[in-house]
Every structure is written in structure tokens, then in C-alpha cells.
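Residue numbers (the working numbering): 23 to 356.
Here a beta-carbon is modelled for each residue, glycine too, at the ideal position from N, C-alpha and C.
This one's a predicted model, so the numbers in the text were calculated from it and none came from an experiment.
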Amino acid sequence: MIDPKTVPTFKLNGGASIPCIGMGTFGSDRVSPDEVAQAVAGGLRAGWRLFDCAACYGNEDKIGQVFRAAFDEGVVQRRDLFIMSKVWNDMHRDVEKAAMKTIRDLQCDYLDMLFIHWPFPNYHAPFCDVDSRNPDSKPFSVKEFVDTYRQIESLVHLGLVRHIGISNMTIPKLEAVLGKLRVPPAACESELHPCFQQQELFDYLNSKGILPIGYMPLGSPRRPERDILPEDIADMQMPELVEIAKAHNCHPAIICLKWAIQRGQLPIPFSVHNYEANLAAAVTEPLTDAEMAVIATLERGNRLVKGQVFLWPGANDWHDLWDEDGTIVDCTDC
Ligand SMILES: NC(=O)c1ccc[n+]([C@@H]2O[C@H](COP(=O)([O-])OP(=O)(O)OC[C@H]3O[C@@H](n4cnc5c(N)ncnc54)[C@H](OP(=O)(O)O)[C@@H]3O)[C@@H](O)[C@H]2O)c1
Numbered sequence: 023m024i025d026p027k028t029v030p031t032f033k034l035n036g037g038a039s040i041p042c043i044g045m046g047t048f049g050s051d052r053v054s055p056d057e058v059a060q061a062v063a064g065g066l067r068a069g070w071r072l073f074d075c076a077a078c079y080g081n082e083d084k085i086g087q088v089f090r091a092a093f094d095e096g097v098v099q100r101r102d103l104f105i106m107s108k109v110w111n112d113m114h115r116d117v118e119k120a121a122m123k124t125i126r127d128l129q130c131d132y133l134d135m136l137f138i139h140w141p142f143p144n145y146h147a148p149f150c151d152v153d154s155r156n157p158d159s160k161p162f163s164v165k166e167f168v169d170t171y172r173q174i175e176s177l178v179h180l181g182l183v184r185h186i187g188i189s190n191m192t193i194p195k196l197e198a199v200l201g202k203l204r205v206p207p208a209a210c211e212s213e214l215h216p217c218f219q220q221q222e223l224f225d226y227l228n229s230k231g232i233l234p235i236g237y238m239p240l241g242s243p244r245r246p247e248r249d250i251l252p253e254d255i256a257d258m259q260m261p262e263l264v265e266i267a268k269a270h271n272c273h274p275a276i277i278c279l280k281w282a283i284q285r286g287q288l289p290i291p292f293s294v295h296n297y298e299a300n301l302a303a304a305v306t307e308p309l310t311d312a313e314m315a316v317i318a319t320l321e322r323g324n325r326l327v328k329g330q331v332f333l334w335p336g337a338n339d340w341h342d343l344w345d346e347d348g349t350i351v352d353c354t355d356c
């Protein structure tokens, strides 16, 4: 077990501390809710204290049973944990109901951070394939986003949520909404791994005091089928990463995690087999400046979650979701 007190922390804009690494809990349509919950149970005993959950992962009730048992058995106390969850796209108009269900399922009394999972209310069913489209999908709306955010702000005032998170945002969308939010977002969850570093977004978030949290920090080798395209690059097979891993006598996954933490983003790796080694990455020998510099050169624009299933009627293709030319595509009220 790793003593959680030895795991470094990042500071959030409100002053609270958050562990520098968290355990992901998305089974990627491949790992069952029971297996994920088992990994959380093992993770708690291995020293993990931050858990990245979401209603749409379909396993919060199982993870909640693990938390409850850990509290009852004295393995941890609620206040020792940092529990994050996310409002799914079909609940943007009823955030309180969604949050209450998540809090009940996770048996955690309150959430340390609640994210808006996607900035659109566009729903796709679990296990859907890459060509599935919801005809009710809509482009981004500032008004709708801010209204959803306001509902989380109310939960902060009620003490049910401690911090607010946003996810899958772009700089143009952030520019459009940040000035309208009363409680500033504490963190933004984005896809971040060595071959997809999103330097501009990373710098923008830091300049606004928003902690970048990196999802798919290892390049998600077992992501859902709908997120796999032939041109995708396998980050952990990049020769430079493999070489640095050899020098540290570890798996390239560990190098990805060390790089993330040293760069200043909080990685949330998923693992049912390697979670002990992943937590150890945060407390063992850091990468050298030269190794960090090599990894900085591995940017390849390797976006893995394109998000096709969230496209609205009339959108061209997945690039429209990411505002690549600096404006919000098809925004209804910008
Ligand atoms: N906000 C969002 O929209 C969003 C989107 C996607 C994901 N997320 C979050 O990000 C988390 C992580 O993303 P992810 O699960 O897609 O990808 P990931 O963490 O990049 O990759 C997970 C995969 O890497 C393997 N792995 C983990 N540690 C390893 C190690 N030390 N050595 C070798 N293999 C290792 C795991 O296999 P084993 O299980 O066999 O170890 C698993 O197959 C999710 O669980 C979720 O919480 C958020």
C-alpha cells in the first residue's frame, strides 16, 4: 500500500487540495460494473483516494457499495476521499435529480466535484456504435450551458457539491461562458496524453486557474469500438516512450503518468490489473528534464474521442464538435 499522505497534491482555485492522480472508472463497454467496483475496492486498500465516476458509466451503484463497505469497515472515512462524478447529457435540464441519484448510488453524502460531462445535451445510448445519431441532437448553446451550470451552482450552495467541473470544452466555448459563471470551475476534464497534448487548451486553462484533468492518459488501448479508427496512434508504443520506460525499468504507462503529473495535469488512468503500479508512479523517481522534453515532441494530434455520436443534424463531421477554426460551430446564441 502507498501511504495516501505521500501522494502529492494539486491546489484548486478555491484553495482545496486534490490528489495529483485519480482512478478512472469507465469500463469502456468491456469491463463489467462488478469488475470496476472490485478495482475500486482494491484501489482504496492500495492507497487511491481520488475516484473519477460518472452516471453514464453505469456502475455508480456498484462503486457505492464498495465505498459504503470501506466506510463501515473503517478502511477510509468519507472525508479522506475525493469523489467526482458527471451529469450525463440527458439530464442537463434536471441536474438536481441526476446529482441526488449519483449521491445515493455512490453512498457518499456529497460530491467533491460534479462535472458537466459534455457541453451539449446530446444523448447517446450506452454501447451504441459509431454511426448512431440522435435526431434530437443540438449544437452548443451558451444559454443552455449556463443554465445547466447554474443548477450545479445551486447544489454548491446546498452543500451537496463542493466544486464544479466542466469537460470536453474548447477555448471558444470557455471564452463564451466563463464570464457568466458565478462559481468558477475548479477543473476541466479533457483528453490529454503524450500524442494529444492540447497545449493551447492546457495553457488557457492554467491561465484561468482551472486545473486540467487528463482523461485517457495512457491513450486508452481498450477504448470502445466506436472510438477506434485506423489512423489512431498507440501512445504507449511510441519508440521514445518505450525507451524512456526501459531506462526507468517500468511500463510505458508509468511514464505517461509521470509526464502528466510533472507537466501539471491530473491523470485519471483506468485499470483493473495495474492500479497499484499506477499509483506508485506518483511517488517514485521523476522524469528528467531531458525526458520531459522528449515527450513534449510526441504531439501528433491523436484525438481518440472524436465524439461522432454527439453530432447534430446538419453538422459536417466530428471536427465540428471541437471548434477547430476558433469559432463555435453552429452556435445558436453566441
Ligand atoms: N470526461 C470524459 O468525457 C471522459 C472520457 C473518457 C474517459 N474518461 C475518464 O478517464 C478514465 C481513463 O480513460 P480510459 O479508461 O479510456 O483510458 P486509459 O486510462 O488511458 O487506459 C486504460 C487502459 O490502459 C491499461 N493500463 C492501465 N494501467 C496500465 C499499466 N500500468 N500497464 C499496462 N496497461 C495499463 C488498462 O488495462 P488494465 O485494466 O488491464 O490495467 C486499460 O485497458 C476513464 O476511466 C474515465 O474515468 C472521461
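Give the secondary structure of residue i by DSSP, where H, G and I count as helix, E and B as strand, and everything else as coil.
{"i": "E95", "result": "coil"}
{"i": "V109", "result": "strand"}
{"i": "M270", "result": "It is His, not Met, that sits at residue 270 in the sequence shown. Reduced to three states, the DSSP call for H270 is helix."}
{"i": "I40", "result": "strand"}
{"i": "A209", "result": "strand"}
{"i": "D158", "result": "coil"}
{"i": "F73", "result": "strand"}
{"i": "I85", "result": "helix"}
{"i": "I283", "result": "helix"}
{"i": "I276", "result": "helix"}
{"i": "H341", "result": "helix"}
Hey, is residue i close to ligand 1, as in C-beta under 7 Å from one of its heavy atoms?
{"i": "F142", "result": "no"}
{"i": "Y237", "result": "yes"}
{"i": "P206", "result": "no"}
{"i": "H139", "result": "yes"}
{"i": "N190", "result": "yes"}
{"i": "S39", "result": "no"}
{"i": "H273", "result": "yes"}
{"i": "T47", "result": "yes"}
Between residue i and residue j, what straight-line distance do the alpha-carbon atoms span, to the nearest angstrom?
{"i": "Y145", "j": "F167", "result": "15 Å"}
{"i": "P335", "j": "S242", "result": "29 Å"}
{"i": "R115", "j": "N81", "result": "22 Å"}
{"i": "K202", "j": "F104", "result": "27 Å"}
{"i": "L180", "j": "R245", "result": "36 Å"}
{"i": "C278", "j": "G46", "result": "15 Å"}
{"i": "L301", "j": "G323", "result": "27 Å"}
{"i": "Q284", "j": "P308", "result": "8 Å"}
{"i": "F218", "j": "L288", "result": "15 Å"}
{"i": "Q129", "j": "P55", "result": "16 Å"}
Heavy atom of ligand 2 less than 7 Å from the Cβ of residue i, yes or no?
{"i": "D352", "result": "This structure lacks ligand 2; its bound ligands are ligand 1."}
Could you check whether the Cβ of residue i sits closer than 8 Å to any Cβ belonging to chain C?
{"i": "Y132", "result": "The question asks about chain C, but that chain is absent: this structure has only one protein chain."}
Please go through the same chain and pick out, in chain order, the residues whose beta-carbon is closer than 7 Å to the beta-carbon of residue i, but skip the five residues on each side of it.
{"i": "G65", "result": "M45 and Y297"}
{"i": "T349", "result": "P194"}
{"i": "P207", "result": "I186, G187, I188 and I232"}
{"i": "E12", "result": "The question about residue 12 has no answer, for the chain in this structure spans 23 to 356."}
Can you list, in chain order, the residues of its chain with a C-beta nearer than 6 Å to that of residue i? Leave out the 5 residues immediately preceding and following it.
{"i": "Y363", "result": "Residue numbering for the chain in the displayed model covers 23 to 356; residue 363 lies beyond these limits and cannot be assessed."}
{"i": "P143", "result": "N111 and H114"}
{"i": "V62", "result": "I85 and V88"}
*asked:* Quick check on the DSSP output: what are the complete beta strand (DSSP E) runs of length 3 or more inside the segment 142-193, in order along the chain?
replied: 183-189
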